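S.K.: I am attaching a structure below and will ask some questions about it afterwards.
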Amino acid sequence: VLLEEELTNNYKVKTETYVKLSDKFSDEILLKELFDQLEKKAPKQLEILMYLYSKKLQSKDNTSRISRPEMLKELNTSSAQLNALVKKEVCELYTVEITRLENYDKPVKNNTEFNEQQALAYNETKKGFEEKDIVLLHGITSSGKTEIYIKLIEEALQQGKQVLYLIPEIALTTQIINRLRKSFGNKVGVYHSKFNDFERVEIWNKVLSNTNDLSKGEGSYQIVLGARSALFLPFSNLGLIIVDEEHDNSYKQHDPQPRYNARDSAIYLAKLHNAKTLLGSATPSLESYYNAKNNKYAFVELNTRYGGVMLPEIFVADVKEDTRRKRMKSHFTPFLLENIEEALKNKEQVILFQNRRGFSARLECDICNWIPGCKHCDVTLTYHKNSNQLICHYCGYTENIPEICPACGNNKILMHGFGTEKLEEELPIFFPEAKVVRMDLDTTRNKYGHQQIINDFEDHKIDILVGTQMVTKGLDFENVSLVGIMNADSMISFPDFRAFERSFQLMAQVSGRSGRKKKRGKVIIQTYNPFHSVIRYVIDNDYKIMYESQINERITYKYPPVYKLIQIVVKQKDTDELNKSARELAINLRKLFGQRVLGPEYPVVSKIRNEFVKNILLKLEKEFSLSKAKLILAECITALKADKDHKGIKVIIDVDPM
Numbered sequence: 004v005l006l007e008e009e010l011t012n013n014y015k016v017k018t019e020t021y022v023k024l025s026d027k028f029s030d031e032i033l034l035k036e037l038f039d040q041l042e043k044k045a046p047k048q049l050e051i052l053m054y055l056y057s058k059k060l061q062s063k064d065n066t067s068r069i070s071r072p073e074m075l076k077e078l079n080t081s082s083a084q085l086n087a088l089v090k091k092e093v094c095e096l097y098t099v100e101i102t103r104l105e106n107y108d109k110p111v112k113n114n115t116e117f118n119e120q121q122a123l124a125y126n127e128t129k130k131g132f133e134e135k136d137i138v139l140l141h142g143i144t145s146s147g148k149t150e151i152y153i154k155l156i157e158e159a160l161q162q163g164k165q166v167l168y169l170i171p172e173i174a175l176t177t178q179i180i181n182r183l184r185k186s187f188g189n190k191v192g193v194y195h196s197k198f199n200d201f202e203r204v205e206i207w208n209k210v211l212s213n214t215n216d217l218s219k220g221e222g223s224y225q226i227v228l229g230a231r232s233a234l235f236l237p238f239s240n241l242g243l244i245i246v247d248e249e250h251d252n253s254y255k256q257h258d259p260q261p262r263y264n265a266r267d268s269a270i271y272l273a274k275l276h277n278a279k280t281l282l283g284s285a286t287p288s289l290e291s292y293y294n295a296k297n298n299k300y301a302f303v304e305l306n307t308r309y310g311g312v313m314l315p316e317i318f319v320a321d322v323k324e325d326t327r328r329k330r331m332k333s334h335f336t337p338f339l340l341e342n343i344e345e346a347l348k349n350k351e352q353v354i355l356f357q358n359r360r361g362f363s364a365r366l367e368c369d370i371c372n373w374i375p376g377c378k379h380c381d382v383t384l385t386y387h388k389n390s391n392q393l394i395c396h397y398c399g400y401t402e403n404i405p406e407i408c409p410a411c412g413n414n415k416i417l418m419h420g421f422g423t424e425k426l427e428e429e430l431p432i433f434f435p436e437a438k439v440v441r442m443d444l445d446t447t448r449n450k451y452g453h454q455q456i457i458n459d460f461e462d463h464k465i466d467i468l469v470g471t472q473m474v475t476k477g478l479d480f481e482n483v484s485l486v487g488i489m490n491a492d493s494m495i496s497f498p499d500f501r502a503f504e505r506s507f508q509l510m511a512q513v514s515g516r517s518g519r520k521k522k523r524g525k526v527i528i529q530t531y532n533p534f535h536s537v538i539r540y541v542i543d544n545d546y547k548i549m550y551e552s553q554i555n556e557r558i559t560y561k562y563p564p565v566y567k568l569i570q571i572v573v574k575q576k577d578t579d580e581l582n583k584s585a586r587e588l589a590i591n592l593r594k595l596f597g598q599r600v601l602g603p604e605y606p607v608v609s610k611i612r613n614e615f616v617k618n619i620l621l622k623l624e625k626e627f628s629l630s631k632a633k634l635i636l637a638e639c640i641t642a643l644k645a646d647k648d649h650k651g652i653k654v655i656i657d658v659d660p661m
């Protein structure tokens with residue numbers, strides 16, 4: 004087999020045309036004669052000439068350079084008039100290479116003063132870095148972790164080092180970049196998936212230009228704020244990596260390859276550069292907290308909110324009881340509606356969290372219970388009212404809404420469940436004066452989608468913000484007095500060993516958006532199970548008890564962080580072939596790994612994009628050699644694929660699946 008590889012450079016430099024007065028008209032006498040001629044014959048051309056001359060007088064270097072489109076727009080004149088002056092050799096046109104990236108004002112000196120708790124946490128972090136390369140900063144929501152980050156960045160820059168600041172969601176870049184640029188100006192660059200290829204090349208080059216000498220890096224990026232892909236930028240002199248909201252599962256890349264956790268990769272990248280890593284979170288992952296408890300990481304706590312603001316008061320609304328008493332108004336308990344009304348009356352803002360986008364979770368026939376499903380995946384289709392279509396959230400397949408049930412012919416098809424789109428539609432019925440906006444994947448697809456919504460919310464142009472996980476992560480809005488969690492049960496009941504931990508993290512994080520500046524906020528959790536232990540831990544803000552309960556379960560059932568988990572995903576287009584291949588692979592693995600192998604079994608979604616899926620789990624003790632496991636897996640998978648009885652099989656290895 005001959006393989007041919009070819010690389011092409013499609014990058015095009017962006018240029019802009021500039022205009023300047025011809026050098027020969029630097030003579031005042033010639034210029035005056037030209038003024039007189041144009042005044043009689045071409046007043047529009049005279050206007051351009053006068054404009055360029057005035058710019059020349061205003062400039063420090065006595066030149067008249069100005070952007071051609073900017074000048075034509077300002078003078079409201081045509082390019083024909085300018086071209087006539089160029090033809091007469093009065094003006095000269097030339098091109099200048101410009102950046103596609105935004106430029107920002109010079110930094111303002113950072114005068115933020117630490118309070119006593121921040122100063123202590125900062126000093127402990129510094130001390131931690133003397134002993135360890137990794138520090139876990141466990142600071143409750145609104146405790147002022149970002150100010151500590153900024154101070155550490157400042158020190159890294161003073162040492163001539165680069166800094167990588169990782170965040171889990173693009174939505175977070177808007178607020179954080181504003182804070183960083185106030186302190187560091189154009190030294191800060193942003194990198195995420197919304198940039199086009201040309202912009203990415205320019206960001207790459209701005210990071211690369213730090214290679215030789217950071218002190219001379221005019222126009223280069225010394226700080227990069229980015230999502231997980233920012234790890235792969237060409238850093239040459241990293242001194243510090245900050246992983247904010249380190250617990251977030253958005254740091255894990257599932258598809259396509261490479262499958263990696265950006266938090267763990269950041270730690271390895273820092274090791275390559277002999278740099279330090281700061282992991283920050285109000286709700287650390289069990290893995291990081293376990294490592295800190297076992298002295299692998301240094302550990303720092305920040306237990307009070309900045310400015311002495313109290314943590315929000317958390318209430319539970321019993322959906323089961325309100326449903327039984329027929330008091331529910333659509334998906335809202337009376338208690339939640341009353342508190343939304345009170346917040347709006349006080350000119351305060353509200354965030355409502357619903358971890359499902361779309362309008363309805365599913366359609367269902369009232370007679371035969373038929374439910375429309377995806378043709379390519381083993382999932383029900385979600386109704387999106389905005390596009391008036393049923394959409395698969397796994398492969399993107401769409402269908403029109405059926406007028407009658409294709410199974411029994413009944414025309415009564417009901418909608419069940421609700422997503423962010425439905426909440427956005429229903430809220431104006433209860434609060435017609437309120438401005439309601441939705442923030443989820445559907446409303447933030449364009450480059451500045453997140454930024455526009457966040458800016459409008461900050462400027463109080465939005466009263467109620469409805470959103471998915473995007474609204475839970477690190478956003479800081481001083482006027483939010485109420486947060487509503489619409490359906491806690493969907494998180495708690497998810498069939499995954501991390502469901503308890505994630506439910507706690509999500510509810511604690513979204514609760515932290517309430518009452519961050521002026522007064523104590525409120526959080527209302529709607530649930531059918533008000534006495535569930537995870538809800539109790541959220542109400543008490545008791546991370547440590549949650550950790551202890553979960554770590555004991557993980558030890559008992561051999562899950563991370565106590566054991567290493569490797570998931571072997573087997574895919575085939577034929578379900579019988581899949582069963583045969585997955586069963587044989589599991590048998591071969593058991594011969595070598597013994598009882599450490601579980602499965603094969605179907606996952607929750609057993610078919611995606613016309614491929615059936617089965618999972619095999621491998622649980623390894625911490626001391627088990629991963630390189631040995633890798634060799635065994637490679638041999639078993641290679642042998643399976645080489646067997647003609649297992650043609651068309653796909654096997655994917657996912658270490659530390661999320």
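Numbering (the numbering used here), first residue to last: 4 to 661.
Using N, Cα and C, we set each Cβ at its ideal position, and we do this for glycine too.
Keep in mind that this is a model prediction, so the values were computed, not measured.
1. Let me know the secondary structure DSSP gives threonine 307 once reduced to three states.
2. Exposed or buried, what is threonine 529 when buried is set at 16 or more other beta-carbons lying within 10 Å of its beta-carbon?
3. Can you tell which of Gly147, Phe434, Thr20 and Thr80 has the C-alpha that lies nearest to the C-alpha of arginine 68?
4. Would you mind stating whether proline 237 and leucine 272 have Cβ atoms separated by less than 8 Å?
5. Run through DSSP, which three-state label would glycine 361 get?
6. Short of 6 Å in beta carbon distance, which residues of its chain neighbour isoleucine 554, apart from the five on each side in sequence? Order them along the chain.
7. Under the three-state reduction of DSSP, which class applies to phenylalanine 356: helix, strand or coil?
8. Give every residue of the same chain whose Cβ lies closer than 7 Å to the Cβ of serine 288, excluding the five residues on either side of it in the sequence, and list them in chain order.
9. Please go through the same chain and pick out, in chain order, the residues whose beta-carbon is closer than 6 Å to the beta-carbon of glutamine 508, but skip the five residues on each side of it.
10. How far does the alpha helix (DSSP H) with glycine 456 in it extend, from its first residue to its last?
11. Hey, out of His649, Tyr293 and Ser496, whose CA is closest to valine 565's CA?
12. Restricting to runs no shorter than 3 residues, where is the beta strand (DSSP E) found entirely within the region 429 to 513?
13. Which first and last residues belong to the beta strand (DSSP E) in which alanine 320 is found?
14. Could you give the distance in angstroms between the alpha-carbon of tyrosine 56 and the alpha-carbon of lysine 91?
15. Taking buried to mean at least 16 other C-beta atoms within 10 Å of its own C-beta, is methionine 489 buried or exposed?
16. Does the region 376 to 383 come within contact of the region 426 to 434, defined as at least 3 CB pairs closer than 8 Å?
17. Which residues mark the beginning and the end of the beta strand (DSSP E) in which phenylalanine 662 is found?
18. If you run the structure through DSSP and keep just helix, strand and coil, what is alanine 410?
19. Could you check whether the Cβ of isoleucine 652 sits closer than 8 Å to any Cβ belonging to chain C?
20. Is it a yes or a no for the region 615 to 630 touching the region 565 to 578, going by three-plus beta-carbon pairs under 8 Å?
21. Once DSSP output is grouped into helix, strand and coil, what is the label at alanine 87?
22. In the DSSP assignment, find the alpha helix (DSSP H) that holds tyrosine 562 and state where it starts and stops.
23. Measure how close the beta-carbons of lysine 388 and glutamate 428 come, nearest whole angstrom, since I'm counting them as under 8 Å.
24. Taking the alpha-carbon positions, what's the leucine 581 to aspartate 258 distance?
25. Considering only residues of the same chain and omitting the five flanking positions on each side of glycine 597, which have a CB-CB separation below 8 Å?
26. Would you identify the three-state DSSP class for alanine 301, choosing helix, strand or coil?
27. Compare the beta carbon distance of glutamine 357 and valine 469 with 8 Å and say whether it is the shorter of the two.
28. Using the rule of at least 16 other Cβ atoms within 10 Å of the residue's Cβ for burial, across every protein chain shown, is threonine 149 buried or exposed?
29. Put proline 46 into one of helix, strand or coil per three-state DSSP.
30. May I ask you to report which of helix, strand or coil DSSP gives cysteine 398?
31. Could you check whether isoleucine 179 and leucine 228 sit closer than 8 Å to each other, using their CB atoms as the reference points?
32. Does DSSP classify methionine 418 as helix, strand or coil?
33. Check aspartate 247 in the structure and name its three-state DSSP category.
34. Cβ atoms of phenylalanine 28 and valine 93: under 8 Å apart, would you say?
35. Taking the continuous beta strand (DSSP E) assigned at cysteine 94, which residues delimit it?
36. Looking at the structure shown, is lysine 23 part of a helix, part of a strand, or coil, going by DSSP?
M.R.: Let me spell this out:
1. Correct three-state label for threonine 307: coil.
2. This sequence places glutamine at residue 529; threonine is not what is there. Classification of glutamine 529: buried, given that the 10 Å Cβ count is 16 or more.
3. Closest option to arginine 68, Cα to Cα, is Thr20.
4. Remark: C-beta atoms of proline 237 and leucine 272 do not approach each other more closely than 8 Å.
5. In this structure, glycine 361 counts as coil in the three-state DSSP scheme.
6. Excluding residues within five positions, none has a Cβ falling inside 6 Å.
7. Strand.
8. A distance below 7 Å between beta-carbons, with the five flanking residues on each side excluded, links serine 288 to the following residues of its chain, in chain order: Glu249 and His250.
9. If we look at glutamine 508 and ignore the five residues flanking it on each side, its Cβ neighbours are His250 and Thr286.
10. In the sequence as displayed, the identity of residue 456 is isoleucine instead of glycine. Where isoleucine 456 is concerned, the enclosing alpha helix (DSSP H) starts and stops at 452 to 461.
11. Relative to the Cα of valine 565, the nearest Cα in the group His649, Tyr293 and Ser496 belongs to Tyr293.
12. Within the region 429 to 513, the beta strand (DSSP E) runs of at least 3 residues that lie entirely inside it are, in chain order, 439 to 442, 467 to 470 and 483 to 488.
13. If you look at alanine 320, you'll find it in the beta strand (DSSP E) that goes 316 to 321.
14. Cα-Cα distance, rounded: 16 Å.
15. The residue is buried, with at least 16 neighbouring Cβ atoms inside 10 Å.
16. Touching, no, given that fewer than three Cβ pairs across the two stretches are closer than 8 Å.
17. An answer regarding residue 662 cannot be provided, because it is not within the stretch 4 to 661 covered by the chain.
18. The three-state secondary structure of alanine 410, taken from DSSP, is coil.
19. The chain labelled as chain C is not found in the depicted structure, where only one protein chain is given.
20. In this structure the region 615 to 630 lies against the region 565 to 578, because at least three pairs of beta carbons, one per stretch, are closer than 8 Å.
21. Helix, per DSSP.
22. Element bounds for tyrosine 562: n/a, residue is neither H nor E.
23. Contact between lysine 388 and glutamate 428 holds, since their C-beta atoms are separated by about 7 Å, short of 8 Å.
24. Their Cα atoms are separated by approximately 21 Å.
25. Hits under 8 Å: none found.
26. Correct three-state label for alanine 301: strand.
27. Closer than 8 Å, so yes.
28. So threonine 149 ends up on the buried side.
29. DSSP places proline 46 in helix when its eight states are reduced to three.
30. Coil at cysteine 398, not helix or strand.
31. Going by C-beta atoms, leucine 228 is nearer than 8 Å to isoleucine 179.
32. In this structure, methionine 418 counts as strand in the three-state DSSP scheme.
33. Three-state DSSP puts aspartate 247 in a strand.
34. Result yes, Cβ atoms of valine 93 and phenylalanine 28 sit closer than 8 Å.
35. Bounds of the beta strand (DSSP E) holding cysteine 94 are 94 to 100.
36. In the displayed model, lysine 23 falls within a strand according to three-state DSSP.
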